[in-house]
Every structure is written in structure tokens, then in C-alpha cells.
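The sequence shown maps to residues 1 to 326 in the UniProt record's numbering.
Built from N, CA and C at the ideal position, the CB exists for glycine as well.
Here the structure is a predicted model, which means the values were calculated and not measured.
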Amino acid sequence: MTGDPNTLETALSRPTAAGSPPNRFRGISARLPRVVDEHQSSKTDGFPESAGVESIDSTLIPGWVPPELDTTKAHTARIYEYLLGGMHYFDVDREAGETALRHVPQAREILQENRAFQNRATRFLIASGITQFLDLGSGLPGTGNIGDVARAEHRQARIVFVDFDPMVAVHGRALVAAADPAHTAVVEADVRRPAEVLADPELRRVLDLEQPVAIVMTSLLQFFAPEEDPRGIVAEYLAAVPPGSALVVSHITDGGRPAQAEAAVRAWDQTTSQMYMRGREEIAALFAGTELVEPGVVPRPLWRPDGEPRADWEEIWGLAGVGIKR
Ligand SMILES: C[S@@+](CC[C@H](N)C(=O)[O-])C[C@H]1O[C@@H](n2cnc3c(N)ncnc32)[C@H](O)[C@@H]1O
């Protein structure tokens with residue numbers, strides 16, 4: 001495979017550009033060698049023995065970036081990764097994250113509360129008997145992803161992650177290989193094309209659409225323009241699953257501070273996605289055709305909190321809810 005730009009050997013021997021590279025892969029998951037295996041026919045020859053396949057990090061392969069990734073523009077999945085304290089982002093993503101933090105200093109807490117809501121909703125749904133999850137706009141499936149949470153509650157839970165960021169697919173494949181391939185799949189696709197997503201053979205392999213499915217769209221629909229008809233897209237996914245299925249949505253709002261929110265939205269303009277704030281009515285309307293689980297569409301920390309919700313919950317901009325398809 002000498003000369004193939006996708007091989008690790010080639011990546012290792014590639015001269016690093018003079019000066020500091022504009023983008024550096026901050027870290028590579030312990031699972032990445034499995035991904036690398038997909039790009040090369042030989043095994044992990046070339047890694048120092050002492051590193052061990054499971055402990056390789058990016059310092060061993062300076063400047064190596066999976067060739068399918070565009071590192072010139074910030075991507076939402078990687079900005080989230082940066083803000084959530086993960087390792088898989090580039091300088092451009094960190095800069096976008098820092099810009100967002102300048103406008104909304106509590107952005108990290110908003111993201112953490114978003115994941116916490118997602119986890120509580122997942123546990124609630126498993127307890128309610130739903131064991132299939134379609135995680136649309138999943139982001140990087142790191143530790144504590146919806147699959148981990150669902151499988152901790154129910155070993156046979158089935159999860160399909162869908163995202164259009166190729167980095168999610170790179171990590172997702174590693175996750176699937178490391179987790180439970182029979183019950184997990186990663187689909188690289190645009191959620192705005194429900195027919196294509198729902199027809200994907202990997203999705204069909206893992207999910208039985210004749211049985212209830214949780215359609216999860218957390219912090220996703222805020223990246224869909226009004227003219228893309230987010231409500232219609234949600235309705236298409238709901239139409240493909242039987243009654244008793246669930247819809248899990250969270251969506252950013254302006255927190256009652258429109259000027260500050262507008263600045264944050266503008267900060268997202270430098271990324272590959274645009275962000276759109278929506279108000280309570282528009283967010284609640286996304287649940288059309290479902291019966292809302294108590295307490296309805298509420299700020300994330302107030303959705304069935306495990307204990308006392310944080311006192312500053314009003315700072316956690318956004319609303320969330322779970323609906324059950326009638
Ligand atoms: C803000 S992150 C949210 C990740 C995760 N759902 C969460 O709540 O933490 C949004 C994710 O949606 C993905 N995304 C945005 N628009 C998408 C689209 N049209 N199709 C597929 N994925 C999309 C982004 O790549 C990103 O990973």
C-alpha cells in the first residue's frame with residue numbers, strides 16, 4: 001500500500017509543513033487504531049511497542065489528519081467536542097468555541113445540561129419499554145453517548161447514530177467496532193433527507209421500524225433554516241415509526257437576551273452550519289402528533305431532574321421535551 005495517502009505508514013512518513021500546522025488533531029481516541037486499520041491493509045506496524053494499540057495518541061502521529069476531513073472550517077460536532085472538554089477538534093473549532101464563549105459564557109453548562117437531559121430522557125424511555133434509538137445529529141459519540149446510557153439500562157438496546165460530519169463517522173465506526181456491532185450502526189448522512197436516512201441499509205439492519213423507536217434530535221434542529229421546514233422533517237421521521245414511538249427534542253432559545261443571542265448566532269456563521277434561535281411556540285409545535293410526557297416542553301434542567309435542579313436554570317438557554325407518538 002506504499003504511496004496510498006490513506007495509510008498510516010504514509011501519514012507517518014509525510015513531512016510536516018514548515019512552521020506550526022494550521023490545524024492539529026488534538027487527540028485521537030484510544031479506539032482510533034481500529035479506524036486506521038480500515039485505511040491500511042497491514043496492522044499497526046510502526047507504532048512503538050510500548051505505546052500499545054489502545055493507547056496511541058496524536059503525539060505519535062504529528063500532523064496526521066484523516067484525509068476525508070475538512071479542517072479549514074469549524075464544524076459544529078467538533079466545536080461541541082471542544083466545549084464539552086473532549087479531545088477531537090482542530091484549532092479552527094477551538095477558535096469558534098472560544099468566540100461562542102465570549103458571547104455566551106455559560107455555553108459549556110448549556111451543552112452539559114443538554115447531554116444530561118438526553119441521558120435522563122434515554123433512561124426514561126428505556127424504563128417505558130422503548131429500546132431502539134435513532135440519534136439524529138448525534139455529534140461525536142464519545143463516552144456517555146446515548147448508546148452507552150441505553151445499553152447500561154438494557155443490554156440489547158439498539159442505536160443508530162446519524163451525522164453528516166465525516167469525523168463522526170470515523171469515530172463512530174471505531175465505536176461500533178468496540179461496542180456491539182449487532183446492535184449499533186453509524187450512518188453518515190444529511191438528516192434533512194429523511195427518506196434517504198430511513199432507507200439506509202445499516203439503519204435497517206439495526207432498527208426494526210415496525211417496533212417503537214425513539215427519534216432523538218437534541219441540539220440539532222437549531223441548525224435547520226425555516227425554509228428547510230424543520231417541522232416537516234420531524235413529521236417525516238415520525239411518520240416512519242409506529243405509535244408508541246418517541247420524539248426527543250432540545251433546541252436553543254435566546255434566553256430572553258436577544259442581542260447577546262444574536263451575537264452568538266453570528267459567531268456560528270464562521271462554521272459550516274448556521275444557527276437559528278426559535279421561541280417556545282415554534283419548539284412546542286415540533287411535537288405535533290405526539291403526546292407530551294410530563295412536564296412538557298421546559299428548560300432542560302427542569303425536565304424530570306434527578307434531584308433538585310440547579311438554581312441558575314434560567315441561564316441554561318433552551319427548551320426540551322419528550323413526546324410519544326399517538
Ligand atoms: C450541536 S451538535 C449536537 C450533538 C448531540 N445531538 C447533542 O445533543 O449533544 C449538532 C450535531 O448535528 C450535526 N448536524 C447538523 N446538521 C446536520 C444535518 N443536516 N445532518 C446530519 N447531521 C447534522 C452536526 O454535525 C453536529 O454533530
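Buried versus exposed call for residue i [16 or more other C-beta atoms within 10 Å across all chains shown]
i	result
threonine 99	buried
aspartate 312	exposed
threonine 271	buried
alanine 285	exposed
proline 258	exposed
proline 194	buried
aspartate 135	buried
tryptophan 317	buried
glutamate 113	buried
glutamate 308	exposed
arginine 205	exposed
arginine 94	buried
arginine 280	exposed
proline 301	buried
proline 226	exposed
arginine 115	buried
proline 105	exposed
residue 331	Shown here, the chain extends from 1 to 326; a query on residue 331 therefore has no answer.
proline 230	buried
proline 67	exposed
proline 62	Its pLDDT being 47, under 50, proline 62 is placed unreliably in this model, and the value from its coordinates should be taken loosely. The residue in question, proline 62, is exposed, as its Cβ has fewer than 16 Cβ neighbours within 10 Å.
According to DSSP, residues forming a beta bridge with residue i
i	result
lysine 325	Thr290
aspartate 135	Phe161, Val216
histidine 251	Leu319
glutamate 228	None; glutamate 228 has no bridge partner.
glutamate 188	Asp163
threonine 271	Ala74
valine 298	Ala320
alanine 246	Ala214, Ile324
Contact set for residue i: own chain, Cβ-Cβ below 7 Å, skip 5 residues either direction
i	result
glycine 52	Confidence is the limiting factor: at glycine 52 the pLDDT is only 30, short of 50, which leaves the residue's position unreliable, though a coordinate-based value still follows. So no residue of the chain qualifies.
aspartate 200	Val187, Ala189
leucine 198	Ala240
Cut-off 6 Å between Cβ atoms - residues of its own chain near residue i, not counting five sequence neighbours on either side
i	result
lysine 325	Leu238, Pro243, Ser245, Thr290
valine 168	Ala77, Leu140
arginine 14	The predicted model places arginine 14 with a pLDDT of 31, which falls under 50 and marks its position as unreliable; any figure quoted below should be read in that light. The answer is none, since no qualifying residue turns up.
aspartate 254	Ala261, Met277
glutamate 236	Pro194
Short Cβ contact (8 Å threshold) for residue i with residue j
i	j	result
methionine 217	valine 249	yes
serine 138	phenylalanine 161	yes
glutamate 188	phenylalanine 224	no
leucine 69	alanine 107	no
alanine 263	histidine 103	yes
leucine 209	valine 241	yes
leucine 319	isoleucine 283	yes
glycine 296	glycine 321	yes
leucine 207	valine 213	yes
isoleucine 126	alanine 96	no
phenylalanine 124	alanine 157	no
phenylalanine 287	glycine 232	no
histidine 183	isoleucine 146	no
glycine 86	glycine 142	yes
alanine 228	arginine 266	According to the sequence provided, residue 228 is glutamate. The question's alanine does not apply to it. It is not a contact, given that the beta carbons lie outside the stated cut-off.
histidine 88	histidine 171	yes
Spatial neighbours of residue i in its chain, beta-carbon cut-off 8 Å, leaving aside the 5 residues before and after
i	result
arginine 120	Trp303, Arg304, Pro305, Asp306
leucine 111	Tyr80, Leu83, Leu84, Ser219
leucine 101	Leu83, Ala107, Arg108
leucine 203	Leu134, Val160, Val162, Ala185, Val187, Val197
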